[in-house]
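Student: There's a structure below that I have some questions on.
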Amino acid sequence: MRKKHWAKDMIAQRTDCVISDPGELRGNWKQLAGDRQIRVEIGSGKGDYWISMAHRYPDCLWIAVEKDESCVGIALKKCLENTTENMKIINGDAAEIEQWFAEDEIDVIHLNFSDPWPKKRQTKRRLTYGTFLDSYRKILKPDGLVIMKTDNAKLFEYSLVSLGDNGWHLEEVSVDYRREPHDEDAITEYEASFMALGQPIYRAIWKPSGGKQV
Ligand SMILES: C[S@@+](CC[C@H](N)C(=O)[O-])C[C@H]1O[C@@H](n2cnc3c(N)ncnc32)[C@H](O)[C@@H]1O
């Protein structure tokens, strides 16, 4: 995707939903969420899932995390006129997530069609690599969830092994999630394109098993 030069300005202007210094809210996201669940989508791309789910579930605070400035700009453009107060977005790298959220602060982490990073030397960048999982375990509540969807069989297999090896409990797994209708869950931009090609969608849900081992 070509760099969107207008994205920087748009991000600076959209103080209604862009969290420019998430570290300032660390431990205090409840100020925004109240009694609502806090759900974080990591790698939100152009924002379709975040926008759709925030509208469907106003009883949750939806926080999108996306490192690519142009993607964040496009997501903000898409919701110029229909941003709701439960939509927040962070333009940053999830490697820093522990600096933004305190222990036990998050209810659900969504990983939608994460970059597969197929080469061995890229393994550490996968969002289900051990260091990311350690961060997720810290910021999730003891009964929190990681929910992953992907088209990529190798990344899915890697993730099942990685979470298993790191002591997470597999709650649900599907190797063809969209075979049945799931109106409760929005279709992401990538998901729509893979569904159009007839590819199966893999999905799994994990809990940090046996409570937390911090
Ligand atoms: C393949 S796209 C999927 C986008 C969207 N979730 C979808 O399903 O349509 C993956 C996105 O994750 C973002 N991403 C990858 N690693 C990230 C990280 N460490 N922190 C934040 N975003 C990341 C990329 O910039 C990219 O926009």
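Each residue of the sequence shown is one higher than the last, beginning at 181 in the working numbering.
C-beta atoms are modelled at their ideal positions from N, C-alpha and C, and glycine is treated no differently.
What first and last residue would you give for the beta strand (DSSP E) that runs through Ser-354?
Tutor: Looking at the DSSP string, the run of the beta strand (DSSP E) that includes Ser-354 is 348-354.
Student: Start and end of the beta strand (DSSP E) containing Glu-221?
Tutor: Segment 217-222, the beta strand (DSSP E) holding Glu-221.
Student: Report the residue from Arg-194, Glu-221, Leu-307, Ser-294 whose alpha carbon sits nearest the alpha carbon of Ile-381.
Tutor: Measuring from the Cα of Ile-381, the nearest candidate turns out to be Ser-294.
Student: When DSSP labels each residue in this structure, what does Met-233 get in the three-state scheme?
Tutor: Helix.
Student: Would you report the Cα separation of Gly-203 and Lys-210, rounded to the nearest angstrom?
Tutor: Cα to Cα, the separation comes out at about 14 Å.
Student: Determine the DSSP secondary structure at Leu-343, reduced to helix, strand or coil.
Tutor: Looking at Leu-343 - three-state DSSP - the assignment turns out to be helix.
Student: If contact is defined by three or more beta carbon pairs under 8 Å, each pair taking one atom from either stretch, is the segment 239-254 in contact with the segment 185-201?
Tutor: Cβ pair count under 8 Å is three or more, so yes.
Student: Lys-300 by DSSP, collapsed to three states: which one?
Tutor: In the structure shown, Lys-300 sits in a helix (DSSP, three-state: H, G or I).
Student: Evaluate contact between the segment 350-363 and the segment 301-321, counting only Cβ atoms and requiring at least three cross-stretch pairs below 8 Å.
Tutor: With the cut-off at 8 Å, the segment 350-363 and the segment 301-321 do not touch.
Student: If contacts are defined as beta-carbon pairs under 8 Å, then Arg-206 and Phe-281 qualify, I think. What distance do you get, rounded to the angstrom?
Tutor: Their Cβ separation, rounded to whole angstroms, is 6 Å, which keeps Arg-206 and Phe-281 in contact under 8 Å.
Student: What are the start and end residues of each continuous alpha helix (DSSP H) run of 4 or more residues lying completely inside the segment 247-321, in chain order?
Tutor: With a minimum length of 4 residues, the continuous alpha helix (DSSP H) runs that stay inside the segment 247-321 are 249-258, 310-319.
Student: Can you find the residues in the same chain that come closer than 6 Å, C-beta to C-beta, to Asp-273, ignoring five residues on each side of it along the sequence?
Tutor: Closer than 6 Å at the Cβ level, and outside the excluded window around Asp-273, lie Lys-247.
Student: Apart from the five residues just before and just after Met-267, which ones in its own chain have a Cβ nearer than 8 Å to its Cβ?
Tutor: Same-chain partners within the cutoff: Cys-197, Trp-230, Ile-231, Ala-234, Trp-242, Ala-244, Cys-259.
Student: Cβ-heavy atom distance between Arg-383 and ligand 1 below 8 Å?
Tutor: Not so, every heavy atom of ligand 1 lies at least 8 Å from the Cβ.
Student: Would you mind sorting Thr-311 into buried or exposed? The rule is 16 or more other CB atoms within 10 Å of its CB.
Tutor: That one is exposed.
Student: Alpha carbon to alpha carbon, what distance is there between Tyr-370 and Lys-329?
Tutor: Cα to Cα, Lys-329 sits roughly 10 Å from Tyr-370.
Student: Between the alpha carbons of Ala-384 and Ala-333, how many angstroms are there, rounded?
Tutor: Near 12 Å, if we compare the C-alpha coordinates of Ala-333 and Ala-384.
Student: Are the beta-carbon atoms of Ala-192 and Lys-226 separated by less than 9 Å?
Tutor: The answer is no: Cβ separation not under 9 Å.
Student: Measure how close the beta-carbons of Arg-219 and Val-288 come, nearest whole angstrom, since I'm counting them as under 8 Å.
Tutor: So it is a contact: roughly 4 Å between Cβ atoms.
Student: Please report how far the alpha carbon of Asp-228 lies from the alpha carbon of Thr-368, in whole angstroms.
Tutor: Each residue's Cα considered, the two are about 6 Å apart.
Student: Could you round the C-beta distance between Ile-319 and Glu-285 to whole angstroms and report it? I think they count as a contact, below 8 Å.
Tutor: At roughly 6 Å, the Cβ-Cβ gap stays under 8 Å, so Ile-319 and Glu-285 are in contact.
Student: Restricting to Cα atoms, I'd like to know which of Trp-297, His-362, Gly-324 is closest to Phe-336.
Tutor: Comparing Cα-Cα distances from Phe-336 to each of Trp-297, His-362, Gly-324, the minimum goes to Trp-297.
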